[in-house]
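Chemist:
Written out as structure tokens, the structure reads:
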């Protein structure tokens with residue numbers, strides 16, 4: 595199926611969930627037509643390797659989005675995370691696993707903007723450190739946090755999460 599402007603125009607008011615996992619031909623230009631899907635609540639772009647921060651400008655227009663999966667979108671940087679953080683204020687689930695360019699700056703944007711966030715996956719984001727984890731401690735609704743294989747985080751750094759009494763699941767293992 596082609597996801598061009600005619601298709602998105604026809605479905606803009608009804609489509610709530612779109613999963614494009616492993617669609618290697620999806621590019622930033624293709625994401626421009628998705629911006630018309632005003633009712634979209636769930637977007638899975640995992641393993642769409644050609645997506646960059648420029649494509650997230652279009653994603654940021656999906657103001658009703660509550661779940662965004664960018665796992666293995668290896669070109670996404672802190673700037674792209676900041677772009678969606680400004681606009682996607684309803685976001686409850688964010689997966690940035692294997693987004694290897696993400697640093698503590700992205701975690702600061704997440705903690706500042708995504709106040710409704712309940713699930714966050716940062717597994718294999720090796721550029722984040724204990725300082726970045728400290729920012730996440732302000733997320734009062736966060737219930738699940740995946741920090742698996744984040745080599746820049748120590749057990750001591752996890753101490754900043756002690757006051758997060760609502761956190762139900764913390765996934766952290768150096769050796770997975």
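Numbering (this note's numbering), first residue to last: 595 to 770.
Just so you know, even glycine gets a beta-carbon here, dropped at the ideal spot from N, CA and C.
Pull up the DSSP beta-bridge partners for residue 613, would you.
Modeler: Start at 1 with the first residue of the chain shown, and residue 613 comes out as number 19. DSSP, once it has assigned bridges, lists 638 as partnering residue 613.
Chemist: Report yes if the CB atom of residue 693 is closer than 8 Å to the CB atom of residue 668, and no otherwise.
Modeler: Walking along the chain shown from the start, residue 693 turns up at place 99. Walking along the chain shown from the start, residue 668 turns up at place 74. The answer is yes: Cβ separation under 8 Å.
Chemist: So, helix, strand or coil for residue 647, using DSSP?
Modeler: Position 53 of the chain shown, counted from the first residue, corresponds to residue 647. Residue state, collapsed to three classes: helix.
Chemist: Suppose you measure from the CA of residue 695 to the CA of residue 646; what does that come to, to the nearest Å?
Modeler: Numbered from 1 along the chain shown, position 101 holds the residue referred to as residue 695. Numbered from 1 along the chain shown, position 52 holds the residue referred to as residue 646. If you take the alpha carbons of residue 695 and residue 646, they lie about 11 Å apart.
Chemist: Can you check the stretch 712–736 for any alpha helix (DSSP H) of at least 4 residues that lies completely inside it and give the ranges in chain order?
Modeler: Counting only runs of 4 or more, we get 724–730.
Chemist: Taking the beta strand (DSSP E) that residue 661 belongs to, which residues open and close that run?
Modeler: Here residue 661 refers to the residue found at position 67 of the chain shown. Run containing residue 661: 661–663, per the beta strand (DSSP E) assignment.
Chemist: Quick check on residue 671: buried or exposed, where buried means 16 or more other Cβ atoms within 10 Å of its Cβ?
Modeler: In the chain shown, residue 671 corresponds to position 77, counting from 1. Per the 10 Å Cβ criterion, buried.
Chemist: So, with DSSP's three-state summary, where would you put residue 672?
Modeler: In the chain shown, counting from the first residue as 1, residue 672 sits at position 78. Helix, per DSSP.
Chemist: In terms of residue numbering, what span does the alpha helix (DSSP H) encompassing residue 685 cover?
Modeler: Locating residue 685 in the chain shown gives position 91, where the first residue counts as 1. Counting along the chain, residue 685 falls outside any alpha helix (DSSP H), and DSSP gives it neither H nor E.
Chemist: What does the Cβ neighbour count give for residue 680, buried or exposed, with the cut at 16 atoms within 10 Å?
Modeler: One-based indexing of the chain shown puts residue 680 at position 86. Label assigned to residue 680: exposed.
Chemist: Pick helix, strand or coil for residue 764, following the three-state DSSP scheme.
Modeler: For the purposes of this step, residue 764 is taken as residue 170 along the chain shown, with counting starting at 1. Strand.
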